[in-house]
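So the structure is just underneath, and the comments pick up after that.
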Amino acid sequence: MDQKTRPPDTKSNYRLDEQVGFLLRLASQRHAVIFQKHIGDDLTSTQFATLMRVAEHGEVSQNHLGRLAAMDGATIKGVVDRLKQKKLLLTRSDPSDKRLSIISLTQDGVELMTLLEQKGLAITRETLLPLKPTEQKRFLELLLKLS
């Protein structure tokens with residue numbers, strides 16, 4: 004059967020190009036390309052988010068950091084381990100509960116934050132560039148509502 008023709012007995016109102024999941028994936032792919040262009044291979048988006056959350060919240064438990072960065076326990080542990088290897092994060096045991104790991108930025112991590120914040124803003128600007136300013140504001144409001 005020719006792949007371009009639809010069998011005559013199958014009518015559907017479903018159009019992939021009109022589905023939220025598909026459109027979000029396309030937008031996410033576009034954003035990922037923009038992120039990669041600005042950040043390069045030095046950091047992944049999950050590493051970037053983790054560093055931003057530590058910068059925003061200061062010292063934080065690894066468990067709480069995972070929730071703040073929308074990652075499960077295994078994922079945040081791997082991300083923290085890789086950022087420790089890059090000398091951007093420190094971990095220490097919580098003196099009141101040795102089971103908890105407390106995460107903080109190293110001096111290198113602190114120094115990197117100014118550059119990362121600037122790049123993050125540039126990434127957002129470029130991602131939203133096809134939208135008018137009022138559309139950008141509304142789009143972000145709607146994404147917040149969905150998340």
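So the sequence shown is numbered by my numbering: it starts at 4 and just counts up by one.
Even glycine gets a Cβ: it sits at the ideal position worked out from N, Cα and C.
Taking C-alpha atoms, which residue in 40, 22 and 58 lies nearest to residue 109? 58
Q) With burial defined as no fewer than 16 other Cβ atoms inside 10 Å of the residue's Cβ, what is the status of residue 94: buried or exposed? A) exposed
Practice prompt. Tell me whether residue 143 is buried or exposed, calling it buried when 16 or more other Cβ atoms sit within 10 Å of its Cβ.
Written response: exposed
Which residue from 141, 49, 31 and 62 puts its Cα closest to that of residue 78? 49
- Looking at the unbroken beta strand (DSSP E) that takes in residue 100, where does it start and where does it end? 100-108
Worksheet item: Considering only C-alpha positions, which residue in the set 115, 98, 73 and 76 is nearest to residue 89?
Response: 115
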